[in-house]
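Below you can see the structure in the form of structure tokens.
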């Protein structure tokens, strides 16, 4: 549509008398988006696609080598002045098609210009590869002839019958995963162990090959062509990739969605089959490989492929579901429009959004995808640097140059030379300077509240694990679990059938020795010393046996609550000396034992803690005040409770070799905080929760810089 500000253009005279037409190799596809027709121009040689509005396509379709551009434009204006593109739109449209090598023109070829254009294309491609250094691609061969030969198999593979098989197998896999979830989670702790890296990469290679095979087969199933298969170095790991861009020419939306989701569909099928193999094999190579395939097919699907915030399968599925092609590009254009229109005051800029709903979608997606990409790429950088420090540093330098330094220079050039800012350049420069200054002041000088949280458990100040001092059968439970008892209360009664005979035998031996000792005093004084020694030994033995008999009755050593949920399971069972039978808990005073990471402990020791509070699991709305706390200045590697580790549902990483689930992967520091027991929440010994330490206020930038230095020092000892 011809807009007033683009109806006429000062550069029109440069192209008005040119005779231009689309190249004969260009293919045109008519697609429907949101009920409106669009036209997709396909370059048959490069497999690039360009989307045109109907008005723009009608103008391009009228171009002939025997007519000038101005003649075609004047004729179009005479027919439909409302829908014909303005001169400015025509210049932009022809420039895009020219740089894509889709135009044929009668002017003498300028070899230097052709080479210059090719060189610029290569420079743009190289710049794009540098920005995407973590996903560098190398094309290898054309798989289309092979796919043509496989068409009968592909039609069988992608059919309603195959879909029924897929649902059955994946449903079975889901059931196996639910039944074995605990074992799957425990095994995941060793996924990055050195002994497992080979199986992990082998599984990754197999899953990704199947993923790309799924895309290629689905494209060919619906009549598309696949001309490129290659290797993508994802974080320096070579993996297969397929160019399935032919899907953009499919007029039926559900087919485009199916092609985009084909890789995920094939991966989930592989994960289900691998789950079945994993569940029915013992430890060994097949078992490990099957588990790694399950891990890769599920994690990569959830974090990358199905996630629409990255330009993988989920992104293209979302584009087709919303019927919005090039969602990311239009989102960035929308954010640019907001900046230019409301920040810089430009009146001659157009929003890509046709409706307020589109504007909200573009804006939200642009912000969320940018933040998510930042998090993902930062995590990848740390992952690479953990294993290949030099490579990680090089990647960080390249990423900083591509994502920070280069955009800054581009922004400066944009502010200085952009034609859009011709009338509002002073305002644009002023607004940019003010925003940059405010961001710096806001992050460097304005203090913000600071705090950190640590997991922990509630422990009674006075508690003990009740064990039996003597071995025996548990004959009687004298007090039920949960009963409040006083000191000396009998809790359990044990019986040792072998103890009474030993007592009787010892007493008889003492009586006999006493008689012999009396006889030796009268007849043979030289035998008195050995008999006295034997008598002393027998008396000690009797004393020990009587003590053991006395200890068969388990008593409370201090007042509190007797806790023994499995008390009746012990009845009639022989328990060896020292067996934990239950706990005796004094529920009047509690402290919260927290696990503080090495990252946070420096703040705990170096900075003043203004306040601390505890929130217990199950009572997140209630806050428990901390009366006082004590930091223990020594490293620990054993958790106070298995509930804090991954195996017990906690957040602390564990050493995979510890079957108890208590030894941590990294050392930690312990902080014990006395809590106010009048908070009105149930205080139960062993209950988990989190403690929040409030620190002194600090600006964001110094805090972020310190956190970055701590990460580098912790990970790389630099």
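In the numbering used here, the protein residues as written are 73 to 790.
The beta carbon of each residue, even a glycine, is placed where N, CA and C say it ideally should be.
This one's a predicted model, so the numbers in the text were calculated from it and none came from an experiment.
With 16 or more other Cβ atoms from the protein chains shown falling within 10 Å of its own Cβ, residue 360 counts as buried. Rounded to the nearest angstrom, the gap between the Cα atoms of residue 108 and residue 130 is 15 Å. Fewer than three beta-carbon pairs drawn from the stretch 491 to 498 and the stretch 394 to 407 are found closer than 8 Å, and the two stretches are therefore not classed as touching. Fewer than three beta-carbon pairs drawn from the stretch 404 to 416 and the stretch 443 to 457 are found closer than 8 Å, and the two stretches are therefore not classed as touching.
By DSSP's assignment, residue 561 forms no beta bridge with any residue. In this chain, residue 708 is not harboured by any alpha helix (DSSP H); it is covered by the beta strand (DSSP E) spanning 691 to 710.
Residue 352 carries a coil assignment under DSSP once its states are collapsed to helix, strand and coil. In the DSSP assignment, residue 292 falls within the unbroken alpha helix (DSSP H) covering 269 to 293.
Between residue 522 and residue 734, the C-beta spacing is not below 7 Å.
Annotated three-state conformation of residue 321 is helix, per DSSP. Proximity to residue 567 across 327, 621, 558, 574 peaks at 621, based on C-alpha coordinates. Shown here for residue 216: same chain residues with a beta carbon closer than 6 Å to its own, the five before and five after excluded, namely 297, 298, 299 in chain order. In chain order, 617, 620, 621 place their CB closer than 7 Å to the CB of residue 571, counting only its own chain and leaving out the 5 sequence neighbours on each side.
Straight-line measurement puts the Cα of residue 576 at about 38 Å from the Cα of residue 554. Here the alpha carbons of residue 503 and residue 170 stand approximately 36 Å from one another. Within the stretch 240 to 264, the runs of alpha helix (DSSP H) that reach at least 4 residues and sit entirely inside it are, in chain order, 253 to 260. Between residue 363 and residue 255, the C-beta gap is not smaller than 7 Å, which leaves the two residues out of contact. In the three-state reduction of the DSSP assignment, residue 568 falls in the coil class. By the Cβ neighbour-count rule, residue 706 is exposed, with fewer than 16 other Cβ atoms within 10 Å of its own. Comparing alpha-carbon positions, the option among 530, 124, 105, 220 lying closest to residue 99 turns out to be 124. Judged by their CB atoms, residue 745 and residue 658 are not nearer to each other than the 7 Å cut-off. DSSP places residue 435 in the helix class (H, G or I) of the three-state scheme. In this structure, residue 279 lies away from residue 344, with their beta-carbon atoms at least 7 Å apart.
When rounded, the separation of the alpha-carbon atoms in residue 161 and residue 718 is 59 Å. Assigned with DSSP and collapsed to three states, residue 534 falls in strand. With respect to the C-alpha of residue 218, the residue from 235, 301, 248 having the closest C-alpha is 301.
Boundaries of the beta strand (DSSP E) around residue 114: 108 to 115. Segment contact: the stretch 538 to 550 against the stretch 763 to 777, fewer than three CB-CB distances shorter than 8 Å; contact not assigned. For residue 227, there is no enclosing beta strand (DSSP E); the residue is part of the alpha helix (DSSP H) that begins and ends at 223 to 229. Just so you know, the alpha carbons of residue 143 and residue 450 end up roughly 54 Å apart. Relative to residue 541, the option among 651, 389, 574, 573 whose CA is nearest is 651.
Residue 635 is positioned such that its CB atom lies closer than 7 Å to that of residue 654. The three-state reading of DSSP puts residue 553 in coil, since its state is none of H, G, I, E or B.
In terms of CA proximity to residue 226, 295 leads the group 211, 247, 573, 295. Between residue 97 and residue 388, the alpha-carbon positions lie close to 27 Å from each other. Ranked by Cα distance from residue 626, the options 397, 645, 564, 313 are led by 564.
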